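Novice: Dropping a structure here in structure tokens format, bear with me for questions.
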Amino acid sequence: MIGLLRWAVWGFASTLVLTGMLAGSQQLRLTRFNLPFLLGTLVTADRDRAKLYGLGLHLLSGMLFSGLYVAAFAAWGQASWWLGGLVGVLHAGFVLLVVLPVLPALHPRMASESQGPTDVRQLEPPGLLGLNYGARTPVVTLIAHVVFGVLLGALYQL
Amino acid sequence: MYPARIHDHAIIGDGHSAALISRAGAVNWLCWPRFDGPSLFAALLDAEAGGAFRLGPVGPARATRGYLPDTNVLQTRFEADEGVLVVTDLMPIHEGHTPWLMPERELLRCVVCERGEVRLEVRYEPRPDYGRARTLVKDGGTLGWRLEHAGWLYALRAEVPLRPAPGGGLQGQVTLRAGQCVCFSLTATDDGPAVLPPLGRFSWARVGHTVEAWRSWAAQCRYAGPHRAAVVRSALALKLLTFAPSGAVVAAATTSLPEVLGGQDNWDYRFCWVRDAAFTARAFYGLGYEAEAEAFVSWLLRASWLTQPRLGVFYDVYGRFRTGEEVLPHLGGYAGSRPVRVGNAAATQLQLDSYGEAIDAMAQLARRSRRLDRDELRMMVRLGGYVASMWEAPDEGIWEPRSGRRAHTFSQLSCWMALDRLLKLHELGVFRGVKVPVEGFRTVRARMWETLHRRAWNERLRSYVSTLGGDEVDADLLLMAWYDFEDASSERMLSTHRRILERLEARDGLLYRNEADVLEGEGAFGICGFWRVGVLARGAGGLDEAEAAFRRQLAYANDVGLYAEEISPKTGEGLGNFPQALTHVGLISSALELEAARARREAPGVEVWR
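Residue numbers (this note's numbering), protein chains in the order written: chain A, 2 to 159; chain B, 94 to 703.
Below, the structure is given as structure tokens:
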């Protein structure tokens, strides 16, 4: 029970930090990558609502992913900041190398680079490592996820 | 060299930003993402460094253009020897929610060949950040031509093959036969993923939706007089200059278009002047656009909340007090008029007339909807207290010269009006539960009245004058009747009107602001001619004389019904920033005054519009 509570509290806290870092990096013009917008457009075509719904979906998915981190800590037999950071590297790599490239096939509103936009599919695909959203997108994504993992690992062991 | 005259431009927009398009089919001015954002195209201020986006036939052609009726969708028709091309320009807008995604900002250009076979030429030369950024347009394949700068993506999708042009940008040509059409969509976003609308029939569907949205808005205009086309055009221009998220109306869409060709009086007008609030709110209310009027006054209440009881001269579209001013030395300026400035240092001037206008705007809202809460009413009283303590101080005045402070008649007149409006609201019981120093306000108002009657009147000239004890006239004195300080048909007002006409008339009803403008070779000031129409309609002349004066003013609009800040008496063309909200407010107000005068003539004693 205490383990569940620790996962819920620190998983949520780390997700908030990750969300804040990604939003901040967009505000600082380091990348255009707006993950809540990308997630929100899965469920609505309204760009304002998409950002709101996407924020909810991002917080939810952050909780789910933090569950995987906690599972990794349990499997390792300990939680630590460096282990969290290591899982964060794997997480970022998975997002950049696996999730983003297949996104045009998964996202109902995303265009593909081969066919271009259509009436329904108008969203710009992320391209290799998300580089379509700015040259610094891979670095920002990697740093944000490593910070997420470091925080979760450090807090979970308390 | 400059690419096109100020007068040769038309405006399109989407409630966030605006683009100016020349008769030659060139987008010569576009700031994204907001009116006061950095420019992507600024050829108006420098044909080389500024950047432009031109669509037009190769070779000579006769261009005519106009807005689709009751819309802000522009159509330019090029008649060449080989055939006819029609370019439709717009920034798409939609009523309510749509089943498809909308780009953050979009400029949509659709070209149709109506007759014959015409070769279309495309030149796309984006220059972000007022032409300061050195960036390359990259080929993104099916995702369009991409330019990234400062976290923003500018994507151009075209149905015409384009190739990189020498010196940056893109160029291309295609031959269109009768019935063929091609579309161009330029979008901007700082979100990833960007929304990239498809072209072809999807573009035309959005043209249709945008036309529908503008027509539905224009249909709400309740003016039914003989000048409906001009009034609706002015209302549509005002709506284009309104920042939709906040309701603020910017003074003009441009910066640094000169008041004197080759001169230095080049200012940034892409902000919202407090002074304009009352005039604009009254015009919107008069046309039946209550929501727009209330939004603008509400923006004013929010903007002034942090600085009260002091008011900034202007605020930005979000209500932030902006004081910085920057010179852009790399831009040559319109017709060599330098410097080009962004930001406006007039923000920190003392302009006491703004207080009168602000209180009048708030009073209109309070009188019509009574939606002011107690804190807002207290703020009005605090503004009144500031006016009561400051009204005798010299200030820069309505025309915001940078040559020092003087005791301006118009500023004191506006202060009188501020207290007068507050006291009248108090009599109406609007200030229930809010303490108002009624006796103090009455005493100061009486002193103001006495001072203005005694010291602002020049017996030798038989006229009110621009500064206390002075001997020059100013067109702003025409507003004495508008503010209910003097009856328009009083001997003093008639005499002042004659003196203003004698000293400030440029030609055919065009008025300079003041005698300094006559000496400095400035243009006639657009709104002043309309103020004169108002005075005539109120009793300084007959209705027929007012009507004739109004028609003369209408003749100074450009071919699509737009006005700049000033009008050159020599050529009749626009000077200064463009299009100027205040000039269009003047047109609407004087059209409404004429209607009121007509109604008074038909049914004496009935007040139709105030």
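Quick reminder that beta carbons are idealized off the backbone N, C-alpha and C, glycines included. As the structure is a prediction and not an experimental result, all values here were calculated from the model.
1. What are the boundary residues of the beta strand (DSSP E) that B:E735 is part of?
2. Considering B:I105, what are the terminal residues of the beta strand (DSSP E) in which it resides?
3. Which residue comes first and which comes last in the beta strand (DSSP E) that contains A:F66?
4. The beta strand (DSSP E) that contains B:A330, what's its start and end?
5. Which residues in chain C sit within 8 Å of A:S115, going by Cβ to Cβ distance?
6. Could you give the distance in angstroms between the alpha-carbon of B:T347 and the alpha-carbon of B:C314?
7. According to DSSP, is A:W11 part of a helix, a strand, or is it coil?
8. CA-CA distance, B:Q442 and B:E450?
9. Using only CA atoms, which one of B:W245, B:V267, B:E241 lies nearest to B:E252?
10. Taking all protein chains shown into account, decide if B:Y95 is buried (16 or more other Cβ within 10 angstroms of its Cβ) or exposed.
11. Residues of chain B with CB closer than 9 Å to the CB of A:F38, please, in chain order.
12. According to the neighbour-count rule (16 or more other Cβ atoms, all chains shown, within 10 Å of its Cβ), is A:F95 buried or exposed?
13. Using beta-carbon positions only, say whether A:T16 and A:L60 come within less than 7 Å of one another.
14. With 7 Å as the threshold, decide whether the Cβ of A:P139 is near any Cβ in chain B.
15. Is there a Cβ from chain B that is less than 7 Å from the Cβ of A:T16?
16. Any beta-carbon of chain A closer than 7 Å to the one on B:F277?
17. Taking Cβ-Cβ distances shorter than 8 Å, what residues in chain A pair up with B:W193?
18. In its own chain, which residues sit with a C-beta less than 7 Å from the C-beta of B:Y576, not counting the 5 before and 5 after it?
19. Checking contacts by CB at 7 Å: is B:A243 closer than that to chain A?
20. For A:V141, report the span of its alpha helix (DSSP H) as first-last.
21. Rounded to the nearest angstrom, how far is the Cβ of B:D283 from that of A:R33, given a contact under 8 Å?
22. Could you name the residues of the same chain whose beta carbon sits closer than 7 Å to that of B:W702, not counting the 5 residues immediately before and after it, in chain order?
23. Got a sec, what are the start and stop residues for the alpha helix (DSSP H) B:C508 sits in?
24. Output needed for A:G154: all residues of its chain with C-beta closer than 8 Å, excluding positions within five of it in sequence on either side, in chain order.
25. Applying the 10 Å Cβ sphere with the 16-neighbour rule, what's the burial state of B:R116?
26. Taking a contact to mean a Cβ-Cβ separation below 7 Å, would you say B:L137 touches B:W122 in this structure?
27. What separation, rounded to the nearest whole angstrom, lies between the Cα atoms of B:L515 and B:E214?
28. Tell me whether the beta-carbon of B:R625 lies closer than 7 Å to the beta-carbon of B:L571.
29. Judging by CA-CA distance, which residue of B:Y649, B:A428, B:C508, B:T157 is the nearest neighbour of B:D453?
30. Per DSSP, what kind of secondary structure is A:M111 in: helix, strand or coil?
31. Tell me whether A:V96 sits in a helix, a strand or coil according to DSSP, three-state version.
32. Can you tell me whether DSSP reads B:V626 as helix, strand or coil?
33. Can you grab the Cα-Cα spacing for the pair A:V140 / A:V147, in whole Å?
34. DSSP on B:D361, reduced to helix/strand/coil?
35. Among B:T303, B:A226, B:L255, which has the Cα closest to the Cα of B:M195?
36. How about B:N670 and B:A345: are their beta carbons less than 7 Å apart?
Specialist: Let me lay it out:
1. This structure does not reach residue 735 of chain B, given that chain B is present from 94 up to 703, and the question cannot be answered.
2. For B:I105, the enclosing beta strand (DSSP E) has its first and last residue at 102 to 106.
3. Careful: A:F66 lies outside any beta strand (DSSP E), inside the alpha helix (DSSP H) at 48 to 77.
4. First-last for B:A330: 321 to 333, but that is the alpha helix (DSSP H), not the beta strand (DSSP E).
5. Judged by its chain identifiers, the structure shown contains no chain C, and its protein chains are A and B.
6. For B:T347 and B:C314, the gap between their C-alpha atoms comes out near 27 Å.
7. Here A:W11 sits in helix by DSSP.
8. Whole-angstrom Cα-Cα distance: 16 Å.
9. Per the Cα distances, B:V267.
10. Note that B:Y95 scores 45 on pLDDT, short of 50, meaning its location in the model is unreliable and no value can be drawn from it.
11. Within 9 Å of the CB of A:F38, the CB atoms of chain B belong to D284, G285, P286, in sequence order along the chain.
12. Sixteen is the threshold: since fewer than 16 other Cβ atoms of the shown chains lie within 10 Å of the Cβ of A:F95, the residue is exposed.
13. Closer than 7 Å, so yes.
14. Judged by the 7 Å Cβ criterion, A:P139 is not in contact with chain B.
15. It does not; no Cβ of chain B falls within 7 Å.
16. No, no contact with chain A.
17. What B:W193 touches in chain A: A46, D120, V121, Q123.
18. The answer, listed in chain order, is L506, M510.
19. True, the Cβ-Cβ gap to chain A drops below 7 Å.
20. From DSSP, the alpha helix (DSSP H) with A:V141 extends over 138 to 157.
21. About 6 Å; that satisfies the 8 Å criterion.
22. Residue placement at B:W702 is flagged as unreliable, the pLDDT there being 48, under the threshold of 50; the coordinate-derived value follows with that caveat. Cβ contact annotation for B:W702 (same chain, cutoff 7 Å, sequence separation greater than five): G379, L685, E688, A689, in chain order.
23. Segment 502 to 520, the alpha helix (DSSP H) holding B:C508.
24. Counting only residues of its own chain and dropping the five nearest sequence neighbours on each side, A:G154 has a CB closer than 8 Å to the CB of Y70, F74, A80, S81, W82, W83, L84, G85, G86, V88.
25. Per the 10 Å Cβ criterion, buried.
26. For B:L137 and B:W122, yes; Cβs fall inside 7 Å.
27. B:L515 and B:E214: Cα-Cα distance of roughly 60 Å.
28. When the beta-carbon positions are compared, B:R625 and B:L571 come within less than 7 Å of each other.
29. Looking only at B:Y649, B:A428, B:C508, B:T157, the smallest Cα-Cα distance to B:D453 is reached by B:C508.
30. DSSP places A:M111 in strand when its eight states are reduced to three.
31. DSSP places A:V96 in helix when its eight states are reduced to three.
32. DSSP, read as helix, strand or coil, puts B:V626 in helix.
33. Distance between the alpha carbons of A:V140 and A:V147: 11 Å.
34. Strand at B:D361.
35. Looking only at B:T303, B:A226, B:L255, the smallest Cα-Cα distance to B:M195 is reached by B:T303.
36. Yes, the Cβ-Cβ distance between B:N670 and B:A345 is below 7 Å.
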